[in-house]
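Protein chains in written order, with my numbering: chain W, 1 to 255; chain A, 256 to 597; chain E, 598 to 897.
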Amino acid sequence: MLCVEHLSKSFGGVRATKDVSIDFPAGSLTAIIGPNGAGKTTFFNLVSGHVRPDEGRVLFDGTDIVGLSSLEVVRRGMARAFQVAALFPSLTVREALTSAVVSHRRGSGRVLSRFPVPDAVRRADAIMEMLGLGPKAGILSANLSHGDQKLLDIGLALAMDPKVLLLDEPTAGMGPEERWRMIGKVRDLWQATGMTVLFIEHDMDIVFRIAQAIHVLKYGAVLAQGNPDEIRRNQDVIDAYLGTDHRLSEAVGEA
Amino acid sequence: MRAGFVRDLAVALAGLGLLIALPVVFPQPALRDFLIYFFAYGLMAMSLNLLVGLTGLVSFGHAAYFASGAYAFGLLMQSGLVSIPVAALAAVGGTALIALVIGAICVRLKEIYFSFITLAFQMFIHSIIVTWVGLTGGDQGLRGGIPRPPVLGLDLNDARVLYGSCAVVFVVCILAMRQVSQSPFGYTLRMIRDNPARANFLGVDVTAMKLGIFVFAAAMASVGGLILALFVSGAYPEFAFWTTSGEAIFMIMLGGMKLFLGPLVGTLLLQTLNHFVTIYTEHHGLVLGTVILVIVLGLRRGLADFVYDAIQARRARRAAAPATAEPAAQTFEAAPLNGRTV
Amino acid sequence: MNLEALVDCLSSASCAVTQVSTGLIVGMLLFLVTSGLSLIFGVLGIINFTHGAFYMLGAYLAFTAYALTGSFLVAMVAGAAGVGLFGVLFERLVMSRVYGRDILMQLLVCYAMILILDDGVKILYGGEYRMMGMPDVFALPPVEIAGGFVPGYYLFMVGVAFAAGLVLWLGINRTRLGKIVRALAINPQMVGALGINTTLLYAGVFGLGSLLAGLAGALAAPIRTLTPGMGVSILIESFIVTVIGGMGSIAGAFLAALLIGFTRAFGAIGFPLFVDGLMFALMALVLVVKPSGLLGREAA
Chain W
1 MLCVEHLSKS
11 FGGVRATKDV
21 SIDFPAGSLT
31 AIIGPNGAGK
41 TTFFNLVSGH
51 VRPDEGRVLF
61 DGTDIVGLSS
71 LEVVRRGMAR
81 AFQVAALFPS
91 LTVREALTSA
101 VVSHRRGSGR
111 VLSRFPVPDA
121 VRRADAIMEM
131 LGLGPKAGIL
141 SANLSHGDQK
151 LLDIGLALAM
161 DPKVLLLDEP
171 TAGMGPEERW
181 RMIGKVRDLW
191 QATGMTVLFI
201 EHDMDIVFRI
211 AQAIHVLKYG
221 AVLAQGNPDE
231 IRRNQDVIDA
241 YLGTDHRLSE
251 AVGEA
Chain A
256 MRAGFVRDLA
266 VALAGLGLLI
276 ALPVVFPQPA
286 LRDFLIYFFA
296 YGLMAMSLNL
306 LVGLTGLVSF
316 GHAAYFASGA
326 YAFGLLMQSG
336 LVSIPVAALA
346 AVGGTALIAL
356 VIGAICVRLK
366 EIYFSFITLA
376 FQMFIHSIIV
386 TWVGLTGGDQ
396 GLRGGIPRPP
406 VLGLDLNDAR
416 VLYGSCAVVF
426 VVCILAMRQV
436 SQSPFGYTLR
446 MIRDNPARAN
456 FLGVDVTAMK
466 LGIFVFAAAM
476 ASVGGLILAL
486 FVSGAYPEFA
496 FWTTSGEAIF
506 MIMLGGMKLF
516 LGPLVGTLLL
526 QTLNHFVTIY
536 TEHHGLVLGT
546 VILVIVLGLR
556 RGLADFVYDA
566 IQARRARRAA
576 APATAEPAAQ
586 TFEAAPLNGR
596 TV
Chain E
598 MNLEALVDCL
608 SSASCAVTQV
618 STGLIVGMLL
628 FLVTSGLSLI
638 FGVLGIINFT
648 HGAFYMLGAY
658 LAFTAYALTG
668 SFLVAMVAGA
678 AGVGLFGVLF
688 ERLVMSRVYG
698 RDILMQLLVC
708 YAMILILDDG
718 VKILYGGEYR
728 MMGMPDVFAL
738 PPVEIAGGFV
748 PGYYLFMVGV
758 AFAAGLVLWL
768 GINRTRLGKI
778 VRALAINPQM
788 VGALGINTTL
798 LYAGVFGLGS
808 LLAGLAGALA
818 APIRTLTPGM
828 GVSILIESFI
838 VTVIGGMGSI
848 AGAFLAALLI
858 GFTRAFGAIG
868 FPLFVDGLMF
878 ALMALVLVVK
888 PSGLLGREAA
């Protein structure tokens, strides 16, 4: 579904991504982990067309999407949610989701119909249902709790009916219990839709519990990859990451 | 679709009824004149708010399109070749084309950059009007009168007929703007205002959408311009001067951006103010400038916004009751809520 | 359109020299105004739309000071320092209250200030044209260069403007204070945390930017007719210069100001009606091809 080959990117003199090659099979649930500054968010920016890589290819459904704008990448079926929820503060949850659905259906330029368009609302309601945002439908995005904001951010991405969903730290800034609730929802979502899901996560317990495959980035390069058992036993990872305090880098706010 | 539009249509018809009835009840010509000016500048302010309040594009050059509507219409009518409706459509279409070219250059620019480039282009149009004396009459304005041949048997030289026709055009344009702001396109513009980067990641072609509303708003402003040209039977370079754009911005701020009709409140207030200021003093700029400073620094928001905020506060209290209010997240408490036109 | 006249002028040394000197002074005035605008934008992140009105204020202050004292030096100082002081007051009393608020509010207070200044000048000096006249110090025969005659005052003006630009550039790039100001533009919280009074710095930068506009106005006073509202055209031209040169680049402003100055000077001979059109076409071209401007750092 998504296959990255020899991806590299430098900012000034800093090599943020170094020759990264990863294959994400269709329908997989994959975690990207690594210490702060490992280049995880940059990796997402490169894949989603937000930043253009210096070298390498990003094959999405078999075609190279390097050089396409982020708009075109979204329209091909890759959506993302952000580490700091990126919302529309003055729209209610339902309005925001409906607008996103309208955009996905190429209806953004329509002026003769009225908002909200009923069939777009149905889709938005279904997304709210799936994420448990139903009771918050009429609340302004700006007034949601932190957790609900993160959920809405994911919901906006879901409105794109993506084949590939990129989640940048879905549990950022949450307490332990809330994290598990959130990640449970992500897993349910993945099971229900069959999407290819990539997520960045700091909490090792969560990663080992739910990810099928794990890729460890360090200083912009792939340090190790494999299933949870392999990663747990990988000496490099243990040395570099788990050997110390494996919850050390749990703190949010990766640059 | 139907319910919302029918309601707006009903409100529009009621508004039109009121506008038609006013001069019947108070037959002084001064009121009619006042209201025709109100239609013209009201359309400019309302259309500017589609950019400022709805999309977050603070244009400082909106009067350019007001003027281009007035001049194009006036020149076409003076040519004697076309009827009023044809000239009006051509003036609106021509303005839309100008806006398309200028907008294509401007809408990619960031906030304040956008403001001053739109102002620069407006002053360019002003300089064309002033320089091209042979066509526009330069400083003196488009003189010699604008003929008003009958339209569909209506004699527009009759002040009452002229007033009624302008009122109809005004209400139709307001209704069109209302429809746009309540359409899926209108909500897409709200997304762009709130968070353009996120809108882009949700498949919204931000540049194309901004250009679309820029052209539409210009077209609506040009209708205001042509109403004024038709009424005063001429067009003047002041229409395109930067102070006209400044006044339009102040009308929006004075009335408030949050309610759809807020800018009309501002238009009414500013026009009333101008009316009395010119009676009592020559120092119009000094008085207006001081009033603006007091309102911007003192009140800090438009008058209709006070009403809107009160309604919102009440709604929020009611909504909070069933939905066990959770504390809002830190991220948005810090950032100023950019909510404008609702 | 009279391109023949333009070709004739270009092929005659005397005409070319005269026009080059005209282009230079137009360019230098624009450069002063634009560098002030650019400085304020670079550090405070706001476009000072009153900048043109400050230029006007500088010219009228110089006019008054000269009429009162007969001293050209006093006139220059009054124009520059007076406007600089006015800028500080304006920043403290008005602009600082709309920082961080909607751009709309910034536009509005500037709009209000222009109205007040234009009207104030009209009340004090009347609406008609005023002339300051050439100071006696410069009542010298024009300097002859390659057959063309250049008034001595032109040379003085170019020198002063050039010196002011150089001082500004050195001040920003080579001094400790300049370093602080540059840091302020990037990270005001950090500068504040270092115990530096950022409020004072903001006011100072705004005042310095205003002072440049005032100096330009004062320098222009002997050779321009003064009218209320004379600031608008120079404001728009300085926008064009900013776009072409690149926001925040002093060197870019210098180049672009000269470009516009020469376009004006030679355009006045060859195609007087299309000078504005050409300037705007240049601006549009830059916006389309290189939105960050010729020497700008950051994409707009």
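Where is the CB? At the ideal position from N, CA and C, for every residue including glycine.
Asked: Beta carbon proximity, E/Asp-605 to chain A, threshold 8 Å; Found: no
Asked: For A/Val-356, the three-state DSSP class (helix, strand or coil); Found: helix
Asked: Contacting residues, own chain, Cβ-Cβ under 6 Å from E/Ala-848 (five flanking each side not counted); Found: Leu-892
Asked: Straight-line gap, A/Ser-500 to E/Ser-830 (C-alpha atoms, nearest Å); Found: 16 Å
Asked: Rounded separation between E/Phe-646 and A/Tyr-320 - CA only; Found: 21 Å
Asked: Partner residues on chain A for W/Pro-176, Cβ-Cβ distance less than 9 Å; Found: The premise fails here: W/Pro-176 is roughly 18 Å from chain A at the closest Cβ pair, so nothing lies under 9 Å.
Asked: Contact under 8 Å by Cβ, A/Val-406 with A/Pro-451; Found: no
Asked: E/Met-880 (DSSP reduced to helix, strand or coil); Found: helix
Asked: Reference A/Ile-482, options A/Leu-277, A/Leu-286, A/Tyr-292 and A/Leu-271, closest by Cα; Found: A/Tyr-292
Asked: Anticipated Cβ contact below 8 Å, E/Leu-809 with E/Val-623, distance rounded; Found: About 16 Å separates the two Cβ atoms, so there is no contact after all.
Asked: Contact with chain E by A/Val-470, beta-carbon distance below 8 Å; Found: no
Asked: Amino acids of chain W, ordered along the chain, whose beta-carbon sits closer than 7 Å to that of A/Val-459; Found: Ser-103 and Ser-108
Asked: Under 7 Å from the C-beta of E/Gly-717: neighbouring residues of chain A; Found: Leu-541
Asked: Neighbour flag for A/Val-435 against chain W, beta carbons, 8 Å; Found: yes
Asked: Euclidean distance between Cα positions of A/Leu-548 and E/Ser-632; Found: 27 Å
Asked: Span of the alpha helix (DSSP H) around A/Ala-503; Found: 497-510
Asked: Residue interval of the alpha helix (DSSP H) (run including W/Glu-169); Found: Here W/Glu-169 belongs to no alpha helix (DSSP H), and DSSP marks it neither H nor E.
Asked: Nearest to E/Leu-774 (by Cα), restricted to the options E/Leu-752, E/Leu-797, E/Ala-761 and E/Phe-759; Found: E/Leu-797
Asked: Whole runs of the alpha helix (DSSP H) within the stretch 392-454 of chain A, excluding any shorter than 4 residues; Found: 414-437 and 439-449
Asked: Per-residue DSSP class, three states only, for E/Glu-725; Found: coil
Asked: Neighbourhood of E/Ile-643 by C-beta, 6 Å cutoff - its chain only, sequence neighbours within 5 removed; Found: Gln-703
Asked: Buried versus exposed call for W/Pro-89 [16 or more other C-beta atoms within 10 Å across all chains shown]; Found: buried
Asked: Reference E/Val-885; option with closest CA among A/Ala-346, A/Phe-469 and A/Gly-358; Found: A/Gly-358
Asked: Which listed residue (A/Thr-533, A/Ala-472 and A/Gly-517) has its alpha carbon closest to that of A/Gln-313; Found: The question names Gln, yet the displayed sequence has Val at residue 313 of chain A. A/Val-313 has its Cα closest to that of A/Ala-472, out of A/Thr-533, A/Ala-472 and A/Gly-517.
Asked: Continuous beta strand (DSSP E) stretch holding W/Arg-57: start and end; Found: 55-60
Asked: Unbroken stretches of the alpha helix (DSSP H), 4 residues or longer, contained in the stretch 45-126 of chain W; Found: 70-76 and 93-104
Asked: Test: A/His-538 CB closer than 8 Å to a CB of chain E; Found: yes
Asked: Contact under 8 Å by Cβ, W/Ala-38 with W/Leu-198; Found: no
Asked: Test: A/Met-378 CB closer than 8 Å to a CB of chain E; Found: yes
Asked: Reference W/Phe-43, options W/Ala-224, W/Arg-122, W/Glu-178 and W/Lys-18, closest by Cα; Found: W/Lys-18
Asked: Residue range of the beta strand (DSSP E) that includes W/Asp-19; Found: 14-24
Asked: Classification of A/Trp-387 by the beta-carbon crowding that lies within 10 angstroms, buried from 16 upward; Found: exposed
Asked: DSSP three-state assignment for E/Ile-793, whether helix, strand or coil; Found: coil
Asked: Cut-off 6 Å between Cβ atoms - residues of its own chain near E/Phe-746, not counting five sequence neighbours on either side; Found: Pro-739
Asked: Local conformation of A/Phe-515 per DSSP, three classes; Found: coil
Asked: is_contact[A/Asn-455, chain W] using C-beta, thresh 8 Å; Found: yes
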